[in-house]
Amino acid sequence: MAYAKTVLSNGDVQRVVDRIAHQILEKTQGAQDVVLLGIATRGVPLAQRLADRILAFEGRSIPVGTLDITLYRDDLRQQSMRAVGRTEEPPGGIDGRRVVLVDDVLFSGRTIRAALDAISDLGRPAVVQLAVLVDRGHRQLPIRADYVGKNIPTALSEKVRVKLAEIDGVDEVQLEGAPA
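Once you know that position 77 of the sequence shown is 77 in UniProt numbering, the rest is easy, because the numbers rise by one and skip nothing.
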């Protein structure tokens, strides 16, 4: 029998986003010259939420863009066809700025590697950082997040499912798997 355990509830997700926004403000001198790039799909609403919270906390509006990494993935031939999404550069571009990539789950690191390749086609940022809602471990590449909402140790057989209100109608993070 499979199981699903809620590890972050609606209120937890909101608190985690607030904490990441505060960390970004602290480590970037009040989000000075910061742009957020949300990785499609769930990184996009997370990036917008972070921008909204930074505006609420600091009174500073920061640019937000979206990054579709579909064509940069190293498993493109192994997965079923999927539509290519839109990449929208943030207002003012990324050249010479601090880019904070935003994604929902950090796992193997391959998505972030693809995002770094995609960024190089957009321009040349001064610094690239990474913010994730959940870090579940099991890295295959030497990549780590600068801002982590929650570390959730997992077995390789488990899945972390992030649901966001903008896409799924609810905010929660679940750990799913089959019993050993």
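The beta carbon of each residue, even a glycine, is placed where N, CA and C say it ideally should be.
Note that the C-beta distance between I39 and A115 is below 7 angstroms. Inter-residue distance for L164 and Q14 is about 10 angstroms (C-alpha atoms, whole angstroms). In this structure, R60 is the residue among R136, R60, E176 with its C-alpha nearest to the C-alpha of Q29. Counting only the Cα atoms, L130 lies some 5 angstroms from D146.
Residue environment: I62 is assigned as buried (16 or more neighbouring CB atoms within 10 Å of its CB, all protein chains considered). Runs of the alpha helix (DSSP H) lying entirely within the region 53 to 124 and spanning at least 4 residues, in chain order: 110 to 122. Remark: C-beta atoms of G85 and D103 do not approach each other more closely than 7 angstroms. The beta carbon of G92 is closer than 8 angstroms to those of V35, P63 in its chain, skipping five residues each way along the sequence. DSSP places Q174 within a strand segment (E or B) once states are collapsed to three. The alpha-carbon separation between R136 and F107 amounts to approximately 6 angstroms. E172 is not a Cβ neighbour of T66, given a cutoff of 7 angstroms.
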